[in-house]
Each structure stands twice: as C-alpha cells, then as structure tokens.
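Input: a single structure, listed below in structure tokens.
Protein chains: 2
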Amino acid sequence: MIQEIKNNYGHLLEDELLEEINQVGTFKEVPEGFELIKAGSYIKSMPLIISGAIKILREDNDGDELLLYFLEQGDTCAMTLSCCLVNQKSEIKAIAETDAKLIMIPIDKMEKWTAKYKSWRNFVFESYHKRLIEAIETIDSIAFLNMDDRLLKYLKDKIKVNQDHTINNTHQQIAYDLHTSRVVISRLLKKLEKAGKVKLNRNNIEVLDI
Amino acid sequence: MIQEIKNNYGHLLEDELLEEINQVGTFKEVPEGFELIKAGSYIKSMPLIISGAIKILREDNDGDELLLYFLEQGDTCAMTLSCCLVNQKSEIKAIAETDAKLIMIPIDKMEKWTAKYKSWRNFVFESYHKRLIEAIETIDSIAFLNMDDRLLKYLKDKIKVNQDHTINNTHQQIAYDLHTSRVVISRLLKKLEKAGKVKLNRNNIEVLDI
DNA sequence: AGCCGTATGTAACAAATGTTACTGCATCAC
DNA sequence: GTGATGCAGTAACATTTGTTACATACGGCT
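Same order as they appear, the protein sequences are chains X and F. Converting from the first sequence to our numbering requires adding 2 to each position, the first position being numbered 1. Converting from the second sequence to our numbering requires adding 2 to each position, the first position being numbered 1.
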C-alpha cells in the first residue's frame, strides 16, 4: 500500500504522516456503481482517493437526485470530513463513477493529525476550499445556464473523469444526474448530434467535438 | 472590544485566543448596504461577525447575481478563510444586509492559530461545514423548488436575519437576489398577498403568516 | 396643486422545460 | 423465431418562467 500512498500523496503530505496513513488506513477497492455513502447515514471513516472517480450526489426527501461534483485521484470528501468533525448525518450520497481504489482513514485520527501535521491541515483546508468552489460552480450551472449548456458541461466533466470520449450511460441516467426528465435529455442530445458534436448509440454516447 | 468578543465567541474560543484576537483584530462598523467583498478581489483579512448580518452573493461574468446565504452573529466567512489559505481571488461578493459590527483578523494569524488552538481549529472546521451545508441547501432550492417556494424561503430567511417581519425591499431587489425578473416577483408576491400571507406596500412587504 | 421619478400591477406573448403517450428498435431469454 | 423488456425518437401538449409593453399609483418637490 505504501507505494500507492506515496505516489498519490507524497508531494502533499510529510513522510511521517504517510507512514501513519499506511499503518491505520485500510485499502479498499470498489467496482463502478458501488454506493460508498448513503444519504442520511453516519460516517465512520474518510476516504483518500488513489485512483478512479467518485460522484457526489444530493438527494432530496422525495428521492430526487442532483449531481454535485466528481472526486478524483488525490481528492478527499469534504462532506465526510465535516461530518466526522461535527458528528452529523451525511447530507449526500457517493457512488463510484468508475472502479476505484481508496484508503479509508478512521475518523478519530482527524483531530490528532490536524493538530500534529501542518501538511494535513493544508490538505484538509484545500479540500474544503475545492469542494466549496465546486458547489458554487454547480450553483452557477443551475442558476445561470440553460439545460443545453448544463448538458454540455456534464458531458465534458464526464469524459474528463472517465478519460474516455465514449460515455456509457442511458439518457435516463443522465436525466437523473441533471435532475430533469429522459425526454428532455433525448431531445437535447439529438440536437447536439445534428450539430455534429456527439454520436448517439444505444447505451452510449460518443463525444466528437465539444 | 474585549467584552464584545467574549460575549459572542467566549463559549467557542479559549481565553488566551480571545486575548490574541483582542490584540490583533480591528473593530469595524459598517452600514447597511456596505460592500465588504467585491467579486474577483483579493482578501487580506477575515471577518468575525459580532452583530448584524452579511449577505453573500455569487456573481457571474455578465454581472448576474444570486444570493448564496446570509452570515450572522458568530459566523465567519468560509470563502475568505479558504481564499486566505490558498491565496486565491474571491469567488463571491459580500454586502452588509443590516448595519453590522465586525472584527477583522489579519490573515497571517490563520495558520498560527490553527496550529496552536484546538478551539480555533474547531471553529474554522465548523464554519466550513456550515457554509458547505448552506451552499448545498441553496442548490436544493434552485434545483428542486419552483420560484414561488424559493420566494417563500427567501422571505423566511430575510425576516430571520433582520429580525423584523417587514422587509424593506423593492421587488427589483428581490429579483436580483433570486436571479429572476421584477415582473415574476411582483406576480408571485401578488399571489401570496391574495393567499393572505403577505401585505404589499410601496418599498416594503409585511410578512403576515408563513 | 402639478410635476417627476420610481415602484408596482397586469396583460399578452415568447421561450424553456416538463409530461404524457405512443412508436420502433435492439437485445435477450426461451 | 417469438415474446418480453428496456432504450431511444418524437409529437402534442401543459406548465413555468422570462420578456415586453404599458398603465397606474405613490411620494417628494416646487
């Protein structure tokens, strides 16, 4: 495990801390689609992402969903962090977007490490900052963009985190992420296809030029 | 100043830290409408709010605005925190919602205090947590609610932070905060008036029952 | 009172998004 | 092959929100 930690977090965290992570962390490998966090559940450990991507969703009382953002290699989950610290229920849902490798850190280390390691404090603050920015960018999208631009942005993000220009999703799945209906997504995708930006197949979308 | 600090933060922060705040902080009193942070500007100090309320807005490239949330007594600005730490431009705009009293802390204290004081770390983490939750609640509103419910929520928040059931705003100002048009707000307010929930006057709205 | 600037009311229309319903097509199990 | 199932295409329509245009009302000022 130690080598993977070093590769991903070596430039961020000091050696002594990497060693501690190696000792107390648990390596975890999850398949695409695995539900890492259920909305409303309590969280007992926080993930450091080694590879793959995690998508973070907001879920309302009626079970409606909305994609907030993706986490990638080198990221951690700010919501988990803060839930650990204030011991609250999770407000979000986390699903493995791709097969992913994680290291799970028991939450009781959090307070110790923030006191002891400057690099850990910086890492945690930076994580919060990034998530806050991403949340605000999500607000931007919903508030300021029309659905066609939101869809474009979604496709862009998707090919980035999956590192693949083919998106293996049904229109319905995309509709859930953007909190709209399947018909709307089909309509807009068709428009994009006519504009030569994507090619539509069954269960997948090839992004040609965005 | 020391007394006001103690009254507002005494239960949160340890005495030694309160004393430091007293020494390095600058007391600042701003009138309603004062622009504390311009979008795109760099931030040199962080505010602790003693009294009053601050509204935090997102502003896009075209100058369109959207209310993110209000800060109140005992709060601090998480965006300022994180901008200080990563030395980035502000992504937001802050306006005094009411007359307000603040203590401004030079940013170079941040790193020292997070290392030195456990209570400060907790305060900072809690602030981040609250802001992230509020940002996500804003996302909820925009994504899951129709404009009439968003308006209701807005009026509720407004009477809470102002501690006054009369809202002294024009329809146009409300429209800016919710990123819609004046006509839409007038229309919906009229509907609320017919439902007996508000009473409309020139330049102000009495909230009767929400 | 008469005037002016601003705020509000309202109608009519436009655009974006959501909904329902139905079609055809591919795939899979049998 | 047949039937079942799930996905995508599309039309027709409903609803929500945004836009334009104009009328009216209010408050302060002279």
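Think of the CB as a built atom: it goes at the ideal place given N, C-alpha and C, for glycine as much as any other residue.
Contact set between residue i and chain F, taken where Cβ atoms lie within less than 8 Å
i, result
"Met81 of chain X", "Leu134"
Residue-level contact to chain X via CB, residue i, 9 Å cutoff
i, result
"Arg123 of chain F", "yes"
"Phe127 of chain F", "yes"
"Phe146 of chain F", "yes"
"Ile2 of chain F", "Any question about residue 2 of chain F goes unanswered here, given that chain F covers just 3 to 212."
"Leu154 of chain F", "no"
"Lys13 of chain F", "One detail in the question is off: residue 13 of chain F reads as His in this sequence, not Lys. No, His13 of chain F does not count as interfacial toward chain X."
"Lys120 of chain F", "yes"
"Leu19 of chain F", "no"
Cut-off 6 Å between Cβ atoms - residues of its own chain near residue i, not counting five sequence neighbours on either side
i, result
"Leu15 of chain F", "Ser121"
Other residues of its chain near residue i: CB distance less than 8 Å, five sequence neighbours each side excluded
i, result
"Lys155 of chain X", "Ser143 and Leu147"
"Leu83 of chain F", "Met48, Met112, Val126, Ser129 and Tyr130"
7 Å Cβ cut-off: residues of chain F touching residue i
i, result
"Asp142 of chain X", "Arg60 and Asp62"
"Asp66 of chain X", "Phe146"
Environment of residue i [buried if 16+ CB atoms lie within 10 Å]
i, result
"Arg189 of chain F", "exposed"
"Ala145 of chain F", "buried"
"Ile58 of chain X", "buried"
"Tyr44 of chain F", "exposed"
"Arg60 of chain F", "buried"
"Arg204 of chain F", "exposed"
"Ile52 of chain F", "buried"
"Glu67 of chain X", "buried"
"Ile212 of chain F", "exposed"
"Asn171 of chain F", "buried"
Cross-chain neighbours of residue i in chain X, by beta carbon under 7 Å
i, result
"Thr116 of chain F", "Arg123"
Any C-beta of chain F under 9 Å from that of residue i
i, result
"Ile176 of chain X", "no"
"Glu113 of chain X", "yes"
"Leu38 of chain X", "no"
"Leu70 of chain X", "yes"
"His181 of chain X", "yes"
7 Å CB neighbourhood of residue i in its chain, flanking five on each side removed
i, result
"Ala80 of chain F", "Ser129, Tyr130 and Arg133"
"Lys160 of chain F", "Ile169"
"Thr116 of chain F", "Trp122, Arg123 and Val126"
"Ala98 of chain X", "Val32, Pro33, Glu34, Gly35, Phe36, Leu38, Gly54 and Ile56"
"Pro108 of chain F", "Val26 and Ser47"
"Thr140 of chain X", "Leu70 and Tyr71"
"Leu210 of chain X", "Gly198, Lys199, Val200 and Lys201"
"Thr100 of chain X", "Glu34, Gly54, Ala55 and Asn164"
Partners in chain X for residue i, counting only beta-carbon separations shorter than 8 Å
i, result
"Ala137 of chain F", "Leu134, Ala137, Ile138 and Ile141"
Proximity test, residue i beta-carbon vs the ligand GTP heavy atom, cut-off 8 Å
i, result
"Glu93 of chain X", "Here there are no bound small molecules, and the ligand GTP is not part of this structure."
*Counting only runs of 3+ residues fully inside the stretch 35-66 of chain F, write out the beta strand (DSSP E) ranges in chain order.*
The stretch 35-66 of chain F contains these whole beta strand (DSSP E) runs: 37-39, 47-53 and 56-61.
*With a floor of 4 residues, list each alpha helix (DSSP H) that falls wholly inside the stretch 184-212 of chain X, ordered by position along the chain.*
The qualifying runs are 184-196.
*Only counting runs of 4 or more residues, tell me where the alpha helix (DSSP H) segments fall wholly within the stretch 89-157 of chain X, in order along the chain.*
With a minimum length of 4 residues, the continuous alpha helix (DSSP H) runs that stay inside the stretch 89-157 of chain X are 110-118 and 120-146.
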